[in-house]
Amino acid sequence: MVAYMDASGSSEANKQYYDAFSADYERERGQNDPGGYHELLDELEAGYVRRFAEGRDVLEVGCGTGLVMVRLREFARTLRGVDLSPGMLEKAKHRGLDVTLGSATELPFESSSFDVTCSFKVLAHVPEIEKALAEMARVTRPGGMVLAEFYNPFSVRGLLKRVGPAGKIAQSANEHDVYTRFDSPARARELTPSGCVFAGARGVRITIPSARFMKNPLGRRVFRAAEHALCDTPLKNLAGFYVAAYEKRHAA
Ligand SMILES: C[S@@+](CC[C@H](N)C(=O)[O-])C[C@H]1O[C@@H](n2cnc3c(N)ncnc32)[C@H](O)[C@@H]1O
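Residue numbers 1002 to 1253, in my numbering, belong to the letters of the sequence shown in order.
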């Protein structure tokens, strides 16, 4: 395992961390584990974006290798991605996706460029989360949506991540090598960016105790059905991943 000296969450630290294991990132994701745990997360996240983004201009912040973007391009009118890791972006480019190098805290786009700006599994690794959310709101048009995913401390996943051993992200890295923050659903409301109103949320990973339970066909069937059935119920407040939807009303 690579020992990372800097898990500060600064742009440079995150870039180094994700560059280091970009080659290995999809070892258990995407086509390497069809129907598996990570695919289910991506499916539920992209499904929530679809509700607001059919035929509209969409940006994914922290798009990585493009696993969520390939789902978004099925329904977006235009689709762009931004990420600070050249290693991760290389794979997204191979997928034919329109991606740009840049940081969530300083988005390289004009104000009011997109109808929907979304981010998954990224903001929990950004210490300056308020700045990133303000940037997402800035590049979103009035009447559009900002969809932001938080890691929920009040969930089975949140509990296990904080007291259990670090999960493996790739061959050469584990979760303790990167800055990670947990923000509750109540905190997600408090973090509503200026000029926006909290408009709802979806919960992802409400029932799955551990990704291991999604290794066999029965587990896949049961948990997939359960997650789809519960993601928009009040149990979303106990989900490991909490996707908040903020509607942009006017410029901050
Ligand atoms: C766990 S991956 C998620 C990728 C993608 N959203 C997905 O769901 O497949 C996290 C991504 O966030 C990117 N990232 C981390 N901090 C960032 C920042 N401050 N600005 C932009 N991207 C960032 C990383 O480079 C990495 O590609």
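A virtual CB, placed ideally from N, CA and C, is assigned to each residue, including glycine.
As the structure is a computational prediction, the values presented were derived from the model and not from experiment.
The beta carbon of F1115 sits no closer than 6 Å to any heavy atom of ligand 1.
When DSSP reads this structure, K1249 sits in a beta bridge with C1197. Fully enclosed beta strand (DSSP E) runs of no fewer than 3 residues occupy 1058-1062, 1079-1084, 1100-1102, 1115-1120 of the stretch 1039-1125, in order along the chain.
Going by DSSP, V1127 is part of no beta strand (DSSP E) at all; its letter is neither H nor E.
For Y1152, the uninterrupted beta strand (DSSP E) run begins and ends at 1141-1152, by DSSP. Within the DSSP bridge table, the entry for V1223 names no partner. For V1157, the uninterrupted alpha helix (DSSP H) segment begins and ends at 1157-1164. Remark: fewer than three beta-carbon pairs, one from each stretch, lie closer than 8 Å, so the stretch 1130-1145 and the stretch 1066-1076 are not flagged as touching. In this structure, DSSP gives R1030 a state outside helix and strand, which the three-state scheme calls coil. Taking E1055 as reference, the option from T1079, L1041, C1197 with the minimal CA-CA separation is T1079.
A1226 is classed as exposed because its beta carbon has fewer than 16 other beta carbons within 10 Å across all chains shown.
In this structure, the alpha-carbon of P1143 lies about 11 Å from that of V1198. By the beta-carbon neighbour count (other beta carbons within 10 angstroms, threshold 16), H1251 is exposed. Between F1121 and Y1018, the alpha-carbon positions lie close to 17 Å from each other.
Going by beta carbons, V1059 and D1043 fall outside the 7 Å limit.
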